[in-house]
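Just so we're aligned, residue 1 is where the sequence shown starts under UniProt numbering, counting upward by one. For every residue, glycine included, the Cβ atom is placed at its ideal position computed from N, Cα and C.
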Amino acid sequence: MKDVVISGYSETPFSRARVDKGEPRLTAEEYYAWALELLLQNTGLEKKDLKGQGVGVIGSEWPHSEIWSAEVVQNLGLEPKFLVRADHGGANAAALLVQGAFAIHAGFVEHFLLIGADAPLSITAPGSRTWRYEEDYMKPFGTMGPNSMIAMVMRRYMHQHNAKPEHFGKISITQRQHASLNPNAYLKKPLTMEEYLNSRLISDPLRLLDICIWVNGGFALLLSRRDRAKEITDKPVSILGFGEWHNPEAENQLKDITTTGIKIAAEQAYKMAGKRPSDMKFFQPYDDYTVAVLMQLEEAGFCSKGEGGRFIEQTDISHRGDLPVNTSGGQLSAGQAGMAGGFLHIVEAVRQIRGEAGERQVKDANIGLVTALGGLAFGGTFIHNYAIILGGE
């Protein structure tokens with residue numbers, strides 16, 4: 001989609017609302033406002049410049065969520081021509097990016113603001129959702145939420161492909177190293193393999209350090225028609241290709257629970273961009289769990305199915321390595337801002353391509369792959385699957 005580019009971005013610092021540590025305790029609405037303020041500062045735009053354009057917000061689980069998108073734009077003082085919201089969980093940001101790109105490509109708007117924030121650790125945050133199948137078919141047998149579900153996937157993967165705890169540990173340790181170089185990341189203390197292996201089991205074989213850390217935070221991205229982007233930045237980021245796939249193998253439970261729909265989505269993205277996995281300078285995979293990173297390395301084409309553990313063992317995935325992975329620290333260490341968590345990976349990709357990643361800057365980072373996952377499925381893995389290839393000029 002050559003006529004649409006990313007012309008701006010913003011990301012707030014992350015917090016766990018620890019007032020005793022001087023951290024802010026803000027609502028999701030306040031993080032929305034903060035993210036927009038930072039975007040306007042970064043782009044030199046004013047709110048009036050977005051009047052009559054497009055806006056996309058992430059879904060909410062709040063009691064008044066039926067009109068959440070309307071409340072967000074009202075609170076922010078925005079007057080869009082086109083307003084959408086995404087309810088794709090971890091894939092919210094990717095879903096909005098695709099919708100916004102289509103809106104600009106169709107000539108309906110010239111700019112599209114993607115904005116997302118969440119504050120799961122604030123005192124006013126709502127309780128987590130429960131799907132009916134969890135109550136009826138999972139909790140009675142001791143399966144309690146996403147951690148238990150992904151633990152079964154992880155155990156199956158380890159059994160089927162001879163993966164070792166150390167393989168998952170290397171992912172966690174490397175991403176912590178990246179987080180230590182990210183001013184906005186929440187967890188910065190260096191991590192050792194011994195600390196990883198000694199971290200407590202949450203749902204065997206899933207350890208504490210295999211799981212993302214919840215934070216409060218907000219993000220914004222601005223998509224623009226290419227000719228209009230020149231008024232905003234001299235470093236536009238192109239959307240070279242994207243793909244998506246939802247509820248894979250819908251006719252039945254997955255035949256192999258160690259797979260996702262990323263393989264299909266990535267193939268679409270590579271085809272649209274005219275690129276191959278070997279062309280990617282970095283990879284920003286959705287990382288609510290370490291095992292999700294391992295599976296996506298395989299499905300995105302960086303190694304063969306079942307070879308993820310060996311690939312991790314033999315490959316330098318640091319920001320200076322063979323295939324830099326989650327250079328922001330990812331959700332494992334930078335933090336997962338609730339339903340806005342998927343913004344982290346896109347924002348980091350944009351930052352890398354623009355050469356604005358500071359000490360963790362990847363050399364010659366002119367093209368990279370971002371993936372997004374959302375919604376753990378009953379009898380499967382993830383319902384929403386996205387792959388996006390971004391590149392510089």
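Assuming residue i and residue j make a contact with CB atoms under 8 Å, what is their CB distance in whole Å?
{"i": "residue 374", "j": "residue 70", "result": "23 Å between Cβ atoms; not a contact."}
{"i": "residue 108", "j": "residue 334", "result": "In fact, because the Cβ distance is near 34 Å, the residues do not count as touching under 8 Å."}
{"i": "residue 389", "j": "residue 367", "result": "7 Å"}
{"i": "residue 291", "j": "residue 174", "result": "That belief does not hold up - the Cβ atoms of residue 291 and residue 174 are roughly 15 Å apart, past 8 Å."}
{"i": "residue 112", "j": "residue 53", "result": "7 Å"}
{"i": "residue 242", "j": "residue 386", "result": "7 Å"}
{"i": "residue 286", "j": "residue 329", "result": "Actually they do not touch by this definition, with Cβ atoms about 14 Å apart."}
{"i": "residue 281", "j": "residue 372", "result": "Actually they are not in contact, since the Cβ atoms of residue 281 and residue 372 sit about 19 Å apart, beyond 8 Å."}
{"i": "residue 214", "j": "residue 121", "result": "6 Å"}
{"i": "residue 357", "j": "residue 327", "result": "6 Å"}
{"i": "residue 170", "j": "residue 312", "result": "5 Å"}
{"i": "residue 190", "j": "residue 200", "result": "About 19 Å; that fails the 8 Å criterion."}
{"i": "residue 180", "j": "residue 209", "result": "About 15 Å; that fails the 8 Å criterion."}
{"i": "residue 418", "j": "residue 159", "result": "No answer is possible for residue 418: the residues shown for the chain start at 1 and end at 393."}
{"i": "residue 339", "j": "residue 145", "result": "Not quite, the Cβ-Cβ distance comes to about 16 Å (not below 8 Å), so this is no contact."}
What is the residue span of the beta strand (DSSP E) that residue i lies within?
{"i": "residue 111", "result": "111-118"}
{"i": "residue 86", "result": "82-86"}
{"i": "residue 385", "result": "382-391"}
{"i": "residue 406", "result": "The question about residue 406 has no answer here: the residues shown for the chain are numbered 1 through 393."}
{"i": "residue 203", "result": "201-203"}
When you compare each of the options to residue i by their alpha carbons, which one comes out closest?
{"i": "residue 115", "options": "232, 156, 108 and 32", "result": "32"}
{"i": "residue 239", "options": "226, 232 and 289", "result": "226"}
{"i": "residue 221", "options": "28, 3, 36 and 21", "result": "36"}
{"i": "residue 153", "options": "46, 275 and 289", "result": "289"}
{"i": "residue 7", "options": "295, 218, 246 and 100", "result": "100"}
{"i": "residue 51", "options": "180, 193, 1 and 78", "result": "78"}
{"i": "residue 44", "options": "377, 10, 192 and 309", "result": "10"}
{"i": "residue 56", "options": "18, 2 and 117", "result": "117"}
{"i": "residue 359", "options": "182, 49, 314 and 340", "result": "182"}
{"i": "residue 18", "options": "309, 314, 293 and 216", "result": "216"}
{"i": "residue 369", "options": "263, 209, 179 and 40", "result": "263"}
{"i": "residue 277", "options": "294, 299, 295 and 261", "result": "299"}
{"i": "residue 87", "options": "67, 185, 102 and 145", "result": "67"}
{"i": "residue 39", "options": "384, 233 and 320", "result": "233"}
{"i": "residue 205", "options": "155, 317 and 384", "result": "155"}
{"i": "residue 295", "options": "261, 1, 166 and 274", "result": "261"}
{"i": "residue 96", "options": "244, 320, 273 and 272", "result": "244"}
{"i": "residue 106", "options": "157, 224, 145 and 307", "result": "224"}
{"i": "residue 322", "options": "362, 139, 332 and 331", "result": "362"}
{"i": "residue 148", "options": "383, 392, 376 and 384", "result": "376"}
{"i": "residue 304", "options": "259, 271, 98 and 337", "result": "259"}
{"i": "residue 102", "options": "219, 166 and 2", "result": "2"}
Please report the residue range of the alpha helix (DSSP H) in which residue i lies.
{"i": "residue 343", "result": "343-353"}
{"i": "residue 55", "result": "That residue, residue 55, is in no alpha helix (DSSP H); its beta strand (DSSP E) goes 54-58."}
{"i": "residue 311", "result": "308-314"}
{"i": "residue 153", "result": "145-161"}
{"i": "residue 174", "result": "165-179"}
{"i": "residue 318", "result": "Here residue 318 belongs to no alpha helix (DSSP H), and DSSP marks it neither H nor E."}
{"i": "residue 122", "result": "First-last for residue 122: undefined, no H or E at that position."}
{"i": "residue 270", "result": "262-273"}
{"i": "residue 197", "result": "193-198"}
{"i": "residue 71", "result": "68-76"}
Could you name the residues that DSSP lists as bridge partners for residue i?
{"i": "residue 225", "result": "4"}
{"i": "residue 246", "result": "384"}
{"i": "residue 336", "result": "214"}
{"i": "residue 241", "result": "389"}
{"i": "residue 33", "result": "Residue 33 pairs with nothing; no bridge assigned."}
{"i": "residue 284", "result": "370"}
{"i": "residue 14", "result": "Note: residue 14 sits in no beta bridge, so no partner."}
{"i": "residue 186", "result": "For residue 186, which the question treats as bridged, DSSP gives no partner whatsoever."}
{"i": "residue 302", "result": "Residue 302 pairs with nothing; no bridge assigned."}
{"i": "residue 206", "result": "203"}
{"i": "residue 94", "result": "Residue 94 is not bridged to any residue."}
{"i": "residue 9", "result": "221"}
{"i": "residue 325", "result": "283"}
Does the beta carbon of residue i come closer than 8 Å to any beta carbon on chain C?
{"i": "residue 160", "result": "Looking at the structure shown, chain C is missing, and only one protein chain is on hand."}
Pair every Cβ in the region 336-351 with every Cβ in the region 259-268, then say whether three or more of these pairs are closer than 8 Å. No, they do not touch.
Are at least three pairs of beta-carbons, each pair with one atom in the region 21-29 and one in the region 77-85, less than 8 Å apart? These segments do not touch.
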